[in-house]
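Asker: In the working numbering, the protein residues as written are 201 to 532. We treat Cβ as the ideally placed atom computed from N, Cα and C, and that holds for glycine. I'd like to ask you about the structure that follows.
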Amino acid sequence: MSFPIVRNRRLRGSNALRSLVRENNVTVNDLIYPIFVTHGSQIKDEISSMPGVYHFSLDRLEEELNEVVALGIKAILLFGVPADKDALGSSAYDHNGIVQQATRSIKKLYPELLVIADTCLCQFTDHGHCGVVHFDKSTQRADVLNDPSLELLVKTAVAQAEAGADIIAPSNMMDGFVYAIRQGLDEAGYDQVPIMSYAVKYSSSFYGPFRDAAHSAPQFGDRKTYQMDPANAREALREAEADVVEGADFLMVKPAMAYMDIIRTLRDQFDLPLVCYNVSAEYSMVKAAAKQGWIDERSIVSEMMIGFKRAGADLIITYFAKDVAGWLRENH
Ligand code: PBG
């Protein structure tokens, strides 16, 4: 009778043994929770495609923040759903824009809670694109103009920093946005405000529910001329490299689940803190299946989270952050 030479099962024999040899862990410090704020009063509207996620008016925000802080979550990612949109997305950089107002009230209530401001124009433009659109009548072509968009994005980032945002997170995918925003922030006196760059952002169908939530679907065309082709991996290195050179403080990969290879590649190639964005459809799919009773939400979500860490992410932006934080407490 011959015996196996290697017995990997020896280290799996008990809970304690498995804990001892566990290579990765998720902690509450890894979690960033997205919050949607809107104008009006007494609004707490559930986003139908994202059960458990709400639009909050400023006067209802406190109850959400209380929960977030009580769970030990250190950072939120703020998205604004403005009342008014125009071609140049001017409410994005208005001193009294919704994100700026929300930031001021959050910092007043919870100065320690990190406010990460998403810096983009698509929620604020009437055409729903992330920059300035030029329409050429003769060719019937609409182009998103890179450099004119940068100016508006810089104004947006500065207005967000002025309002007290702790971290600026540009998600627009224009070329040179990190450099432009870094310069703009420095000139305005915000040289200590870090940039969390959506360095590698794919043109993804996984953003569908978010676009319902943020009312930010493009009114014509798509985002393929600025967001990345899901087929490309080497290009992710070029995007990330550019952002590192331009002064990014964090790199992000978005979406997460279908892009684990990209998370790993960036982890191996760059030393900056790495963030992955577990996006809206990744959330909604789990919610929908759980509601049907087809999957066990808690164990599925926990496995997704540890998968992101194993792939190399330091931080996870996720709509599940409150659930995960709660489960981590219970596990203790
Ligand atoms: C804005 C932005 C988007 C998301 C985050 N910031 C949408 C998009 O690019 O269309 C998506 C987030 C999600 O799906 O959860 N540019």
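(1) Expressed to the nearest angstrom, what Euclidean distance is found between the alpha-carbon atoms of Val475 and Leu321?
(2) If you measure between the beta carbons of Lys401 and Met374, is that distance less than 8 Å?
(3) Going by C-alpha to C-alpha distance, which of Ser248, His532, Arg260 and Leu515 sits closest to Ile232?
(4) Considering only the beta carbon of each residue, do Ala287 and His327 sit closer than 8 Å?
(5) Considering only residues of the same chain and omitting the five flanking positions on each side of Leu353, which have a CB-CB separation below 8 Å?
(6) Please identify the residue among Ile462, Leu261 and Ala458 whose C-alpha is closest to the C-alpha of Lys308.
(7) Using C-beta distances below 8 Å, list every residue in its chain close to Leu472, excluding the 5 sequence neighbours before and after it, in chain order.
(8) Can you find the residues in the same chain that come closer than 7 Å, C-beta to C-beta, to Gly526, ignoring five residues on each side of it along the sequence?
(9) Is it the case that the CB of Tyr426 approaches a heavy atom of the ligand PBG more closely than 7 Å?
(10) According to DSSP, simplified to helix, strand and coil, what is Gly384?
(11) Where Ser290 and Arg529 are concerned, what is the direct C-alpha to C-alpha distance, given to the nearest angstrom?
(12) Which residues mark the beginning and the end of the beta strand (DSSP E) in which Lys401 is found?
(13) Is Glu246 helix, strand or coil by DSSP?
(14) So what does Cys322 bridge to, in DSSP terms?
(15) Taking Ala359 and Gly408 to be in contact with their CB atoms under 8 Å, please state how far apart those CB atoms are, rounded to whole angstroms.
(16) DSSP three-state call for Asn208: helix, strand or coil?
(17) Near the ligand PBG, which residues have their beta-carbon closer than 5 Å to a heavy atom?
(18) From the DSSP output, in three-state form, read off Phe410 for me.
(19) Can the beta-carbon of Leu258 be found closer than 8 Å to that of Val281?
(20) Using a Cβ-Cβ cutoff of less than 6 Å, which residues in the same chain neighbour Asn346 once the five nearest sequence positions on both sides are dropped?
(21) May I ask you to report which of helix, strand or coil DSSP gives Met374?
(22) Beta strand (DSSP E) containing Tyr233: first to last residue?
(23) Just how far apart, CA to CA, sit Ile235 and Arg498?
(24) I believe Met460 touches Val226 by the beta-carbon criterion, under 8 Å. Please report the beta-carbon distance rounded to the nearest angstrom.
(25) Round the Cβ separation of Met201 and Ser484 to the nearest angstrom and send it over; I've been treating them as touching at under 8 Å.
(26) On a Cα-Cα basis, can you pick out the residue from Phe508, Gly384, Ser338 and Val333 that is closest to Arg423?
(27) Tell me where the beta strand (DSSP E) around Tyr477 begins and ends.
(28) Whole angstroms is fine: what's the gap from Asp366's alpha carbon to Val299's?
(29) With a Cβ-Cβ cutoff of 8 Å, do Lys454 and Tyr426 count as a contact?
(30) How is Met201 classed by DSSP in three states: helix, strand or coil?
(31) In terms of DSSP beta bridges, what is Leu271 paired with?
Answerer: For this structure:
(1) If I take the Cα positions, the gap works out to 21 Å.
(2) no
(3) Leu515
(4) yes
(5) Thr319, Cys320, Leu321, Gly331, Pro370, Asn372, Met374, Phe377, Ala380 and Ile381
(6) The shortest C-alpha separation from Lys308 is found at Leu261.
(7) Val444, Ala448, Asp449, Phe450 and Leu451
(8) Leu271
(9) No, the Cβ of Tyr426 stays beyond 7 Å of every heavy atom of the ligand PBG.
(10) Shown here, Gly384 sits in a helix according to DSSP, grouped into three states.
(11) 42 Å
(12) Met396 to Lys401
(13) strand
(14) In the DSSP output, where bridge partners are listed per residue, Cys322 has none listed.
(15) The C-beta distance from Ala359 to Gly408 rounds to 29 Å, too long to meet the 8 Å contact threshold.
(16) Three-state result, Asn208: helix.
(17) Cys320, Cys322, Ser371, Tyr407, Phe410, Val479 and Ser480
(18) helix
(19) For Leu258 and Val281, no; Cβs fall outside 8 Å.
(20) Cβ within range, chain order: Met374 and Asp375.
(21) Judged by DSSP in its simplified three-state form, Met374 adopts coil rather than helix or strand.
(22) Leu231 to Thr238
(23) 21 Å
(24) Wrong, their Cβ atoms sit about 15 Å apart, outside the cutoff.
(25) 53 Å between Cβ atoms; not a contact.
(26) Val333
(27) It spans Leu474 to Asn478 - the beta strand (DSSP E) in which Tyr477 sits, taken as one unbroken run.
(28) Cα to Cα, Asp366 sits roughly 13 Å from Val299.
(29) no
(30) coil
(31) Answer by DSSP bridge pairing: none, since Leu271 is not bridged.
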